[in-house]
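Single-structure report; data block below.
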Amino acid sequence: MSDIDPTLLHRLQFAANISFHILFPTITISLAWVLLFLKWRFHRTGSEHWMDAYRFWVKVFALSFALGVVSGITMSFQFGTNWPGFMLKVGNVAGPLLAYEVLTAFFLEASFLGIMLFGLSRVGHRIHTVATALVAIGTSLSAFWILALNSWMQTPTGHEMRPDATGQLVAHVVSWSAVIFNPSFPYRMLHMLVASGITSAFLILGISAYRWLQQQRGTDVQVMLRLGAWMAVLLVPTQMLLGDLHGLNTLRHQPAKLAAMEGIWETTNGADAVLLAWPDAKTRSNHYEVAIPNLASFYLTHDWQGEIKGLNDFPDTHPPVAPVFFAFRIMVGMGVLMLLTGLYAFWRWKPWRRLDPARLDQYPKLLRVLAWMSFSGWIATLAGWYVTEIGRQPWLVTGILRTEDARATIPTPMVLSTLLIYLAVYMFLLIAYIGVIRHLARKQTTVAMPTGATS
Amino acid sequence: MSGHALQSFNDWLPVIFAAVMGLAILAYVILDGFDLGIGILLPLADDGDKDLMVSAIGPFWDANETWLVLGVGVLLVAFPLAHGVILGALYLPVAIMLVGLILRGVSFDFRSKAPEPERPRWNRLFALGSLIAAMAQGYMLGRYVLGFEQSATAYGFAALIALCLPSGYMLLGGTWLILKCEGALQLRAVVWSRRALIGVALGVLLISLATPWVSSRIAEKWFSLPYLFLLMPIPLTTLLVFFITDRSLRRLPERLGKQNAYGDWVPFAASVGIFMLAFYGLAYSVFPFLVIDQIDLWQAASAPESLKVILYGTLFVLPVIVAYSWYTFRVFKGKTGLLHY
Chain A
1 MSDIDPTLLH RLQFAANISF HILFPTITIS LAWVLLFLKW RFHRTGSEHW
51 MDAYRFWVKV FALSFALGVV SGITMSFQFG TNWPGFMLKV GNVAGPLLAY
101 EVLTAFFLEA SFLGIMLFGL SRVGHRIHTV ATALVAIGTS LSAFWILALN
151 SWMQTPTGHE MRPDATGQLV AHVVSWSAVI FNPSFPYRML HMLVASGITS
201 AFLILGISAY RWLQQQRGTD VQVMLRLGAW MAVLLVPTQM LLGDLHGLNT
251 LRHQPAKLAA MEGIWETTNG ADAVLLAWPD AKTRSNHYEV AIPNLASFYL
301 THDWQGEIKG LNDFPDTHPP VAPVFFAFRI MVGMGVLMLL TGLYAFWRWK
351 PWRRLDPARL DQYPKLLRVL AWMSFSGWIA TLAGWYVTEI GRQPWLVTGI
401 LRTEDARATI PTPMVLSTLL IYLAVYMFLL IAYIGVIRHL ARKQTTVAMP
451 TGATS
Chain S
1 MSGHALQSFN DWLPVIFAAV MGLAILAYVI LDGFDLGIGI LLPLADDGDK
51 DLMVSAIGPF WDANETWLVL GVGVLLVAFP LAHGVILGAL YLPVAIMLVG
101 LILRGVSFDF RSKAPEPERP RWNRLFALGS LIAAMAQGYM LGRYVLGFEQ
151 SATAYGFAAL IALCLPSGYM LLGGTWLILK CEGALQLRAV VWSRRALIGV
201 ALGVLLISLA TPWVSSRIAE KWFSLPYLFL LMPIPLTTLL VFFITDRSLR
251 RLPERLGKQN AYGDWVPFAA SVGIFMLAFY GLAYSVFPFL VIDQIDLWQA
301 ASAPESLKVI LYGTLFVLPV IVAYSWYTFR VFKGKTGLLH Y
């Protein structure tokens, strides 16, 4: 077992935890706001189907929230168990950000979740709506602090390095506003919020389509199909625009990551956009490349002959190319697929009008495709996180701390065994989660109106 | 005390954060303690009562667990050096506890939504997760009290504490049920609580003997004059509270039989008292160290500027958190009914 690189093992463990964890906040951040919207519609219209929709989706929310909480607690412990060097080096920056997340966000959402889930009969509608709003604010605040920290690790500003008692250089904060609103933060924050919205949009579309196919044809299912179509059509194009802006930001602040995303080895004027290839770190070139001449320079610098720095300009400090390169293509590919299905559903269903059940039944294949795409947001989000996190390597904090210097010196077999335990638990829970949601979607959870009663 | 005269505000900062961390851990042990205890007690109950037991903690467990995140969070951000040493030494039990907490937290949610025939399986997982988490925490406490000593005796001691802490949680859970439930379940909870009390007494005794034994500094803090007399009220009060808990548990069934619910809150309050006294005794022993006789508060603390940034937020936010936690407990006060949503 001595030939396993311990840093890789620690990274795999952290990657496993964060990959599992991110699935659930990705849903809850936006689903909380959707629930608030449903509650608000119910108050405005008095129509029971908004409350029916709320009652169904709050169950999905509760499941996702529980999984997000328990895996989040795991993450907070792993800083100490696996990466003690992280807090020693940049604890003065990371500490307060994490503390504020717990103080302002975590307690808020956890406390009011109880009232949101179980309190309706005890506090009345108005306070229940306030509790729902507080949970939604909590989930978004939580994302704010975590992304501020993550962005700072990518593009650190607002600090200086000073020697501590032992002579080690340690980060000290000079300006908190510069730390929080670091150059990549606004892009990363918006990109994540919209990613969450898209994930929820396709979850709503997929599960509602599945319910429709299972002959659950209440008005609540119809309004959720409409809502999902609207969300998809508004959010996916927004995300593509934001992604482009984020890319420009990465070009300026993390050129090595961008070169890996694009698969560009040599610094060139008029770089090609590589659509598909097999990047080879040994030969430092791409095999089987399919590329469009000069296009990368155009969309990155808005000049057909603009200069793009290649990976060879960053010897020893560029990320592993292939994972970043492929993850980026999976994310973009998933985005395109979501754009096409979203637009198609929008065009066919015309959700700005009341949905005619007959119109839904005219396109059974669309419903089936959407049902299969219920968790497509997860694939895009995970791929996006791999681009940004693997793309930061070999740095844990860009220019300040290398990943290998932060890891703990725990015996390798111990790390390996806990990694396997975590993986087994996560696999089991993921299957259970999807199984239970499927069960909820098949069960007659609402008093459905007879088909046709709405038309 | 490690040459620290506590002259400036900066010298006080680590002490303040140690206090915040201590309070968070105490709040966690008491609040999540009764959640975990009810989880462990679940297999002992009839199927019909199981839903009621889970309902008694349903609205609270999530917020209760958050105190653990705050406690570890303060250790992480205020004392990064000690955080690395403690969690490094406890690597395996921490991982096992996390798996336990994960299983407990999710099966709590899955059991009410999974298909009916699968419910017993999720109930078992709920109980198992609670037991694993409680035992892992007990084991960690045992390792911590003996300063992570690497000897067979030390590991044996930790294993013994791993058996005692679940009893403590069962006592909290059982007495919480006495408070929140009625009828047959309430009477069974009295029986469970009385059995659990024996384990708690053993655990408190063992730790009280072990801490002065492992460190001559701690022995001196307790047994030298005049401290011996000044501190005497602590063990004496502890004994008294044990006695009160026991007596009220003996008397309750008779009184409840006469439809007289007077004093059904006493066992829970007294159990909380036991935990608070034990915690105080331990904190007094360990202070000013984070790792007994190895790392003190000032050695482990972060830069004062960062601590101040967190402190101002904490001073403002913590009262708000306490206020709305109190509010949620008030919303769900009184006897528990079956929850659904």
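Taken in order, these protein sequences are the chains called A and S.
Heads up, the first sequence is in UniProt numbering, so the first residue is 1 and it goes up one at a time.
Heads up, the second sequence is in UniProt numbering, so the first residue is 1 and it goes up one at a time.
Idealized CB from N, CA, C, for every residue including glycine.
Looking at the structure shown, is residue i part of a helix, part of a strand, or coil, going by DSSP?
i: valine 447 of chain A; result: Unreliable placement is indicated for valine 447 of chain A, whose pLDDT of 39 sits below 50; the coordinate value is still reported in the next sentence. Coil, per DSSP.
i: serine 285 of chain A; result: strand
i: arginine 217 of chain A; result: coil
i: arginine 162 of chain A; result: strand
i: alanine 94 of chain A; result: helix
i: threonine 268 of chain A; result: strand
i: arginine 353 of chain A; result: coil
i: isoleucine 410 of chain A; result: coil
i: isoleucine 434 of chain A; result: helix
i: glutamate 101 of chain A; result: helix
i: aspartate 296 of chain S; result: strand
i: arginine 392 of chain A; result: coil
i: arginine 124 of chain S; result: helix
i: isoleucine 4 of chain A; result: coil
i: residue 359 of chain S; result: Residue 359 of chain S is absent from the structure shown; chain S starts at 1 and stops at 341.
i: isoleucine 400 of chain A; result: coil
i: isoleucine 220 of chain S; result: Residue identity differs from the one stated: residue 220 of chain S is glutamate in this sequence, not isoleucine. Looking at glutamate 220 of chain S - three-state DSSP - the assignment turns out to be helix.
i: alanine 158 of chain S; result: helix
Could you work out which residue in the options is closest to residue i when comparing CA atoms only?
i: leucine 235 of chain A; options: A:Trp212, A:Val274, A:Gln216, A:Leu193; result: A:Leu193
i: glycine 206 of chain A; options: A:Gln239, A:Leu423, A:Pro25, A:Trp57; result: A:Trp57
i: arginine 11 of chain A; options: A:Val436, A:Ala105, A:Met427, A:Ala408; result: A:Ala408
i: isoleucine 96 of chain S; options: S:Asp109, S:Tyr227, S:Ala136; result: S:Ala136
i: leucine 251 of chain A; options: A:Met427, A:Ser208, A:Thr388; result: A:Thr388
i: phenylalanine 275 of chain S; options: S:Cys164, S:Glu65, S:Phe287; result: S:Cys164
i: isoleucine 102 of chain S; options: A:Thr398, A:His21, A:Leu241; result: A:His21
i: asparagine 182 of chain A; options: A:Leu147, A:Ala424, A:His191; result: A:Leu147
i: valine 272 of chain S; options: S:Thr211, S:Phe242, S:Gly183, S:Leu205; result: S:Phe242
i: serine 107 of chain S; options: S:Glu149, S:Gly58, S:Phe223, S:Gly142; result: S:Gly58
i: cysteine 181 of chain S; options: S:Glu305, S:Lys308, S:Leu256; result: S:Leu256
i: tryptophan 213 of chain S; options: S:Ala154, S:Asp32, S:Ile198, S:Leu185; result: S:Ala154
i: methionine 153 of chain A; options: A:Ala171, A:Gly46, A:Ala165; result: A:Ala171
i: tyrosine 91 of chain S; options: A:Thr412, A:Ala371, A:Leu430; result: A:Thr412
i: valine 397 of chain A; options: A:Ala178, A:Gly72, A:Leu416, A:Ser151; result: A:Ser151
Our contact map puts residue i next to residue j with C-beta atoms below 8 Å; I'd like the distance itself, whole angstroms only.
i: phenylalanine 202 of chain A; j: methionine 338 of chain A; result: 6 Å
i: tryptophan 122 of chain S; j: alanine 133 of chain S; result: Incorrect: roughly 16 Å between the Cβ atoms, too far for contact.
i: aspartate 220 of chain A; j: alanine 53 of chain A; result: 4 Å
i: alanine 82 of chain S; j: isoleucine 295 of chain S; result: 5 Å
i: aspartate 272 of chain A; j: asparagine 294 of chain A; result: 7 Å
i: isoleucine 379 of chain A; j: proline 319 of chain A; result: Going by Cβ atoms, the distance from isoleucine 379 of chain A to proline 319 of chain A rounds to 21 Å, so no, they are not a contact pair.
i: threonine 237 of chain S; j: leucine 277 of chain S; result: 6 Å
i: phenylalanine 126 of chain S; j: glycine 199 of chain S; result: Actually they are not in contact, since the Cβ atoms of phenylalanine 126 of chain S and glycine 199 of chain S sit about 21 Å apart, beyond 8 Å.
How far does the beta strand (DSSP E) with residue i in it extend, from its first residue to its last?
i: leucine 396 of chain A; result: 395–397
i: tryptophan 278 of chain A; result: 273–280
i: phenylalanine 289 of chain S; result: 289–291
i: histidine 172 of chain A; result: 169–173
For residue i, report the span of its alpha helix (DSSP H) as first-last.
i: leucine 337 of chain A; result: 321–349
i: alanine 18 of chain S; result: 9–41
i: leucine 256 of chain S; result: 233–257
i: leucine 146 of chain S; result: No alpha helix (DSSP H) holds leucine 146 of chain S; DSSP gives it neither H nor E.
i: valine 74 of chain S; result: 61–78
i: histidine 49 of chain A; result: 48–82
i: threonine 144 of chain A; result: The identity of residue 144 of chain A in the sequence shown is phenylalanine, whereas the question assumes threonine. Counting along the chain, the alpha helix (DSSP H) containing phenylalanine 144 of chain A begins and ends at 120–154.
i: aspartate 49 of chain S; result: 47–55
i: residue 344 of chain S; result: No statement about residue 344 of chain S is possible, as the shown extent of chain S runs from 1 to 341 and does not include it.
May I ask whether a heavy atom of the ligand NAP can be found less than 8 Å away from the beta carbon of residue i?
i: tyrosine 386 of chain A; result: The ligand NAP is not among the ligands present in this structure, which contains no ligands whatsoever.
Just by C-beta distance, which residues in the region 134–145 of chain S are closer than 7 Å to chain A?
-> none
Near-chain S residues of the region 73–96 of chain A - C-beta to any C-beta below 7 Å = Ile73, Thr74, Ser76, Phe77, Phe79, Gly80, Thr81, Pro84, Met87, Leu88, Gly91, Asn92, Gly95, Pro96
Give the residues from the region 109–136 of chain A that approach chain S closer than 8 Å (Cβ to any Cβ), ordered along the chain.
-> Ala110, Ser111, Phe112, Leu113, Gly114, Ile115, Leu117, Phe118, Gly119, Leu120, Arg122, Val123
With 7 Å as the limit, tell me which residues of the region 396–416 of chain A have their beta carbon closer than that to any beta carbon of chain S; keep them in chain order.
-> Ala408, Ile410, Met414
Looking at chain S, which residues of the region 158–189 of chain A have a Cβ within less than 8 Å of any of its Cβ atoms?
-> Val170, His172, Val173, Trp176
Report the residues of the region 77–95 of chain S with a CB closer than 9 Å to any CB of chain A, ordered along the chain.
-> Val77, Ala78, Pro80, Leu81, His83, Gly84, Val85, Ile86, Leu87, Gly88, Leu90, Tyr91, Leu92, Val94, Ala95
Got a sec: which bits of the region 190–219 of chain A sit with their beta carbon under 9 Å from any beta carbon on chain S, in order along the chain?
-> none
When Cβ atoms are compared, which residues of the region 421–435 of chain A fall closer than 7 Å to chain S?
-> Ile421, Val425, Leu429, Ala432
Compile a chain-ordered list of the residues in the region 209–242 of chain S whose CB is closer than 7 Å to at least one CB of chain A.
-> none
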